[in-house]
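One structure is given here, and the rest of the page talks about it.
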Ligand SMILES: [Zn+2]
Ligand SMILES: [Zn+2]
């Protein structure tokens, strides 16, 4: 499934019905749980916000160099909530959570709990 998507043999769902105003939801076209995540990029030198874009599935700044200080170093920040100011800079990523990944998350939670238990007893 993952490999066919990777090589573009299968049409990848763009989850158009999951609109940006939703935090998350199940896509009616493919049935996957989709989470909307907003990202901005910031110059790591002077901290000014740079408009973010998605290139090859990665969040990158639109400009190669900071318009304020000329640096090409940047940091990517995930926003908890989008607001009217950040929406001018932010880019939306639709993260897919399928059944397999949901199970994996549950397993991780259990492992963490059982590992921390003996520490508390000491
Ligand atoms: Zn979909
Ligand atoms: Zn800068």
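In the numbering used here, the protein residues as written are 15 to 136. By construction, the Cβ of each residue, glycine as well, lies at the ideal position given by its N, Cα and C atoms.
Looking at the structure shown, is residue 67 part of a helix, part of a strand, or coil, going by DSSP? Strand.
Looking at ligand 1, does it come within less than 8 Å of residue 43, judged from the CB to the closest heavy atom? In this structure, residue 43 has its CB closer than 8 Å to one or more heavy atoms of ligand 1.
What does the alpha-carbon distance come out to for the pair residue 47 and residue 37? So the alpha carbons of these two residues sit roughly 11 Å apart.
Residue 27 CB to nearest heavy atom of ligand 2 below 8 Å: In this structure, residue 27 has its beta carbon at no less than 8 Å from each heavy atom of ligand 2.
CA-CA distance, residue 51 and residue 107? Between the C-alpha atoms of residue 51 and residue 107 there is a straight-line separation of about 5 Å.
Secondary structure at residue 54, three-state DSSP: helix, strand or coil? Strand, per DSSP.
With DSSP collapsed to three states, give me the class of residue 32. Here residue 32 sits in coil by DSSP.
For residue 25, three-class secondary structure by DSSP: The three-state secondary structure of residue 25, taken from DSSP, is coil.
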